[in-house]
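J.: Numbering (the working numbering), first residue to last: 24 to 189. C-beta: ideal position from N, C-alpha, C; glycine also.
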């Protein structure tokens, strides 16, 4: 499938292996978002800047990079459903197998940012926090390899009446 083509409302990601930097163990250099289904925002959540449905391909359990470290980070570029480009650098991996683990890192060029991707088999949850922009991406598992991608306005989140009680 070509990037940018509609595909039954799923995000289709294309990943290209990289050998550019010998000191960087990188299973993949880029995740392309090919098509996105925009969903209506959850009623009453004033902090939501957008909600999309799709899947991460390949899923993090296929990244096969458990030797990630500060000396040999996993670097990836990610196009989020809103069209923004982000450079991720994971310098820690916590897990025992390829079926269960967590990649921990940051977004290059974003002060005090965080990128955390956790998985069990094809189930994925993740967060990307960009405090300098007052935004975050929350990625929630929906089953069968499908995730919800929500862009959040961090400055409005503390005032959300619904989230206060969740």
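Could you please give the first and the last residue of the uninterrupted beta strand (DSSP E) stretch that includes residue 164?
T.: Note, residue 164: beta strand (DSSP E), 158-166.
J.: Taking contact to mean at least 3 C-beta pairs separated by less than 8 Å, is the segment 93-100 in contact with the segment 150-167?
T.: As far as the Cβ criterion goes, the segment 93-100 does not touch the segment 150-167, which means the pair count is below three.
J.: Taking 7 Å as the cut-off, decide whether the C-beta atoms of residue 112 and residue 131 are in contact.
T.: For residue 112 and residue 131, yes; Cβs fall inside 7 Å.
J.: Can you list, in chain order, the residues of its chain whose CB lies under 6 Å from that of residue 135, leaving out five sequence neighbours each side?
T.: Only 154 meet the Cβ criterion.
J.: What separation, rounded to the nearest whole angstrom, lies between the Cα atoms of residue 74 and residue 85?
T.: Roughly 25 Å between the two C-alpha positions.
J.: Taking the DSSP output, what are the residues bridged to residue 15?
T.: Given a span of 24 to 189 for the chain in the structure shown, any question on residue 15 remains unanswerable.
J.: Report back the beta-carbon spacing between residue 137 and residue 152 to the nearest angstrom; my notes put them in contact at under 8 Å.
T.: Indeed, because the Cβ distance is near 4 Å, the residues count as touching under 8 Å.
J.: Measuring straight from C-alpha to C-alpha, what distance separates residue 173 and residue 179?
T.: So the alpha carbons of these two residues sit roughly 14 Å apart.
J.: In whole angstroms, what is the alpha-carbon distance linking residue 47 and residue 83?
T.: Here residue 47 scores only 43 on pLDDT, less than 50, and its place in the model is too uncertain to base an answer on.
J.: Between which two residues does the beta strand (DSSP E) containing residue 131 stretch?
T.: It is not in any beta strand (DSSP E) - residue 131 carries neither H nor E in the DSSP assignment.
J.: Can you name the residues that DSSP bridges to residue 73?
T.: Bridge partners of residue 73: 174.
J.: When we look at the beta-carbon of residue 91 and count the other beta-carbons within 10 Å, is it buried (16 or more) or exposed?
T.: Per the 10 Å Cβ criterion, buried.
J.: If I measure Cβ to Cβ from residue 170 and keep anything under 7 Å in the same chain, skipping five residues before and after, which residues do I get?
T.: Only 77, 78, 79, 147, 162, 163, 164 meet the Cβ criterion.
J.: Which residues in the same chain have their Cβ closer than 6 Å to the Cβ of residue 168, if we skip the five residues on either side of it in sequence?
T.: Taken in chain order, the residues that qualify are 78, 145.
J.: Would residue 103 be called buried (16 or more neighbouring beta carbons within 10 Å of its own) or exposed?
T.: So residue 103 ends up on the buried side.
J.: Expressed to the nearest angstrom, what Euclidean distance is found between the alpha-carbon atoms of residue 124 and residue 88?
T.: Those two C-alpha atoms are separated by around 10 Å.
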